[in-house]
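Following: one structure in structure tokens, then a few remarks.
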Amino acid sequence: MNNAEYSIEVHPETKEVNIAVSGKFQEKDAQSFVQTYQAEVGAIDPKDYDLILDCKSLVVVSPEILPMLEACYKMYKASGFNKVKFITSSAVVSMQLKRIAHRTELDNAEVVVASN
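Going by the numbering used here, the first residue of the sequence shown is number 312, and it counts up by one from there.
Pasting the structure below:
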């Protein structure tokens, strides 16, 4: 029920890294995500790329997962992407994502609420 899923795709032709996340993440899911992220992003120069995160199917973040999500935001910031864009379909998730971006000083982040 609500298992976490993600995909990471690098598109050199559009200079975008697209990440899709869905479900409810647990610690083991976050660890796997970080390993995959580091492998994919390590092969490019992130400052030339935009990071686009499709969070439309992400379940509301629970308090126990918050530190892991904040660590991911810090990882995005450290990678040095040109722009980081979160796309969600939930106003509640949007508020959570904006709050975490502010708290982690991910200043080049944009959160967009889009319809499915």
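C-beta atoms are modelled at their ideal positions from N, C-alpha and C, and glycine is treated no differently.
Assigned secondary structure, residue i (DSSP; H/G/I helix, E/B strand, else coil)
| i | result |
| --- | --- |
| Tyr360 | coil |
| Ile398 | strand |
| Asp365 | strand |
| Ile411 | helix |
| Ser405 | helix |
| Glu381 | helix |
| Ala425 | coil |
C-beta contact flag for residue i and residue j at 9 Å
| i | j | result |
| --- | --- | --- |
| Lys326 | Tyr360 | yes |
| Phe336 | Leu362 | no |
| Val404 | Ala412 | no |
| Val332 | Ser390 | no |
Selection from the options that minimises the alpha carbon distance to residue i
| i | options | result |
| --- | --- | --- |
| Ile398 | Ala382, Leu364, Ile411 | Leu364 |
| Val345 | Val370, Val371, Asn314, Glu381 | Glu381 |
| Tyr317 | Pro323, Gln342, Glu324 | Gln342 |
| Ser430 | Gly334, Tyr384, Lys367, Thr415 | Past the boundaries of the shown model lies residue 430; the chain is included only from 312 to 427, so the question cannot be answered. |
Extent of the continuous beta strand (DSSP E) run through residue i
| i | result |
| --- | --- |
| Ile330 | 327-334 |
| Asp318 | As written in the sequence, residue 318 is Ser, which differs from the Asp given in the question. Residues 316-322. |
Residue i, enclosing alpha helix (DSSP H) - first and last residue
| i | result |
| --- | --- |
| Val352 | 338-352 |
Residue i burial status per 10 Å Cβ neighbour count (16 or more: buried)
| i | result |
| --- | --- |
| Val395 | buried |
| Val328 | buried |
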